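Below: one structure, written as structure tokens.
2 protein chains.
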Amino acid sequence: MELLKNKIRQEGKVLSEEVLKVDSFLNHQIDPLLMQEIGKEFVKRFSDQNITRIITIESSGIAPATMAGMILGVPVVFARKRKSLTLTDHLYSAKVYSFTKKESNDISVSKDFISNEDTVLLIDDFLANGQAALGLIDIAKQAGATIAGVGIVIEKCFQPGGDLIRKEGVRLESLAELQSLKNGQVQFVGEENNG
Amino acid sequence: MELLKNKIRQEGKVLSEEVLKVDSFLNHQIDPLLMQEIGKEFVKRFSDQNITRIITIESSGIAPATMAGMILGVPVVFARKRKSLTLTDHLYSAKVYSFTKKESNDISVSKDFISNEDTVLLIDDFLANGQAALGLIDIAKQAGATIAGVGIVIEKCFQPGGDLIRKEGVRLESLAELQSLKNGQVQFVGEENNG
Chain R
1320 MELLKNKIRQ EGKVLSEEVL KVDSFLNHQI DPLLMQEIGK EFVKRFSDQN
1370 ITRIITIESS GIAPATMAGM ILGVPVVFAR KRKSLTLTDH LYSAKVYSFT
1420 KKESNDISVS KDFISNEDTV LLIDDFLANG QAALGLIDIA KQAGATIAGV
1470 GIVIEKCFQP GGDLIRKEGV RLESLAELQS LKNGQVQFVG EENNG
Chain L
1320 MELLKNKIRQ EGKVLSEEVL KVDSFLNHQI DPLLMQEIGK EFVKRFSDQN
1370 ITRIITIESS GIAPATMAGM ILGVPVVFAR KRKSLTLTDH LYSAKVYSFT
1420 KKESNDISVS KDFISNEDTV LLIDDFLANG QAALGLIDIA KQAGATIAGV
1470 GIVIEKCFQP GGDLIRKEGV RLESLAELQS LKNGQVQFVG EENNG
């Protein structure tokens, strides 16, 4: 998605070979018009699927997921992150390990808002090690929902998340695919290295 | 806002005299088309203000704020909640006490995303004791920004938040004003009690 890649080129900050900061339009400040275009692109890429619900994770997944939901006219559910759940009676939950924070969190979705009659699109802001996306896949499977696929705003293709999702037999669509962040440069998949 | 009040009547769950649960369209599952209408209504109510930025708090404020931002074509910033901040160098932050959780959290906004040239609209999902909204007002004042006002989706008018905000000299617009949740009934301001 060229618009998104240009925004990353202009405003993304490469903090290390593994960390790209996009706080100016996705993770702290949100560019709503870009989010709208991102929503449209997700809808286009999954237009062959009869999506009934979108599932994402708080907080940075909410804006792109809500835009896709607005265009499709379907509800959006954001999984909640909590240190650890005691009361899990009416919840589907999954453990998500964060390699950056080196801690495990539970994510959960109420059983009221996902069922075996749903075809769900799973949306998240970043894909790196894939733990969050695998958690969403786990929850969708617990509910017996059909998984249309995973839609990611920015994938770090040099980390294992993409392969892990495909190994689960789940379709993956990433709108910006990072090949590398070496030498302080953003290089996208399929692009010459001009660095 | 009649559409919102009808949704609350249909799907809101009165858990106690102080707690209304609206997980089916605002706090866990999101109704994107309703959020779009809520965004429009905020924009209409503050149409006399030259808003340059919208500030909200993760997570439930993000969807309505992003919709308002989309319509206005201005960036949306979500303040981050953290247990307590150690590194506050490049952040404006404020303490927010939660009466429900009986704990204090810090909310923070990067100094990159709010300045004294901004006219900010502060949006949140619920207004009860007003601590979160006062935290946002505090951050806007630290940045020297002009405050257009506070936009709230659901105000519990029987709690002190509204008065506290007006005492700060800040304009408040709430789209659904709850008069009472007594006897398991939702009663809006200006409405007869049919219970």
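The listed protein sequences correspond, in order, to chains R and L.
Read in order, the letters of the first sequence correspond to residues 1320 to 1514 in our numbering.
Read in order, the letters of the second sequence correspond to residues 1320 to 1514 in our numbering.
Cβ coordinates follow ideal geometry from the N, Cα and C atoms, glycine included.
Fair warning: this is a prediction, and the values are worked out from it, not measured in the lab.
Cutoff 6 Å; reference residue i; Cβ partners in own chain excluding five residues on either side
i	result
L/G1514	With a pLDDT of only 48 at L/G1514, under the threshold of 50, the placement of this residue in the model should not be trusted; the figure read from the coordinates follows. Result list for L/G1514: N1502, Q1504, in chain order.
R/K1332	K1340
L/A1459	V1439, I1466
R/I1349	A1382
L/M1354	A1382, P1383, M1386
Member of the options whose CA lies at the smallest distance from the CA of residue i
i	options	result
L/A1384	L/V1469, L/K1486, L/S1499, L/L1483	L/V1469
R/A1375	R/S1493, R/E1511, R/G1463, R/A1451	Looking at the sequence shown, residue 1375 of chain R is not Ala but Thr. Minimum Cα distance to R/T1375 is reached at R/A1451.
R/E1360	R/V1338, R/S1379, R/G1388	R/G1388
R/D1443	R/E1487, R/S1403, R/G1480	R/G1480
R/F1397	R/L1497, R/L1440, R/K1420, R/T1419	R/L1440
R/Q1368	R/K1402, R/L1353, R/I1466	R/I1466
R/V1338	R/T1419, R/E1492, R/V1489	R/T1419
R/Q1478	R/L1497, R/R1490, R/K1460	R/L1497
Beta-carbon contacts of residue i that lie in its chain and below 8 Å, excluding the five residues immediately before and after
i	result
L/A1495	M1320, L1323, K1324, I1327, V1472, I1473, E1474, F1507
R/Q1329	none
Residue-chain proximity (residue i, chain L), Cβ-Cβ < 8 Å
i	result
R/M1389	yes
R/Q1506	no
R/H1347	yes
R/R1399	yes
R/V1415	no
R/L1429	Checking the sequence, you will find Ser at residue 1429 of chain R rather than Leu. By this cut-off, R/S1429 is an interface position.
R/V1439	no
R/G1514	Note that R/G1514 scores 48 on pLDDT, short of 50, meaning its location in the model is unreliable and no value can be drawn from it.
Span separating the alpha-carbon of residue i from that of residue j
i	j	result
R/S1427	L/K1400	19 Å
R/S1335	R/L1453	25 Å
R/P1351	R/L1391	17 Å
L/D1457	L/D1425	12 Å
R/V1362	L/K1421	41 Å
R/A1447	R/E1436	30 Å
L/S1403	R/G1509	42 Å
R/S1499	L/S1417	42 Å
R/E1377	R/S1434	20 Å
R/F1365	R/T1371	12 Å
R/F1344	L/K1486	34 Å
R/G1358	R/A1382	9 Å
L/S1394	R/A1413	It is worth fixing the name first, because residue 1394 of chain L is Pro in this sequence and not Ser. If I take the Cα positions, the gap works out to 33 Å.
L/D1342	L/S1379	10 Å
R/M1386	R/F1432	18 Å
R/E1492	L/L1491	42 Å
R/Q1461	R/I1373	16 Å
R/A1484	R/S1423	One point to set straight first is that residue 1484 of chain R is Ile, not Ala, in the sequence displayed. Distance between the alpha carbons of R/I1484 and R/S1423 is about 19 Å.
R/G1488	R/H1347	32 Å
L/E1511	L/V1415	35 Å
L/E1356	L/F1445	17 Å
R/D1482	R/L1455	16 Å
R/G1449	L/G1449	38 Å
Chain R within 8 Å of residue i, Cβ atoms only
i	result
L/G1488	no
L/Q1461	no
L/S1403	no
L/N1448	no
L/F1418	no
L/G1392	yes
L/F1445	no
L/E1330	no
Close Cβ partners of residue i (< 7 Å) along its chain, the five nearest in sequence each way excluded
i	result
R/K1430	H1409, L1410, Y1411
L/G1463	N1435
L/C1476	E1496, L1497, Q1498, V1508
Using a Cβ-Cβ cut-off of less than 7 Å, list which residues of the stretch 1350-1384 of chain R approach chain L; keep chain order.
-> D1350, P1351, L1352, M1354, Q1355, E1377, S1378, I1381, A1382
Where the stretch 1332-1345 of chain R meets chain L: residues whose CB sits under 9 Å from a CB there | D1342, S1343, F1344
Taking a cut of 9 Å between CB atoms, which residues from the stretch 1469-1484 of chain R lie near chain L?
-> none
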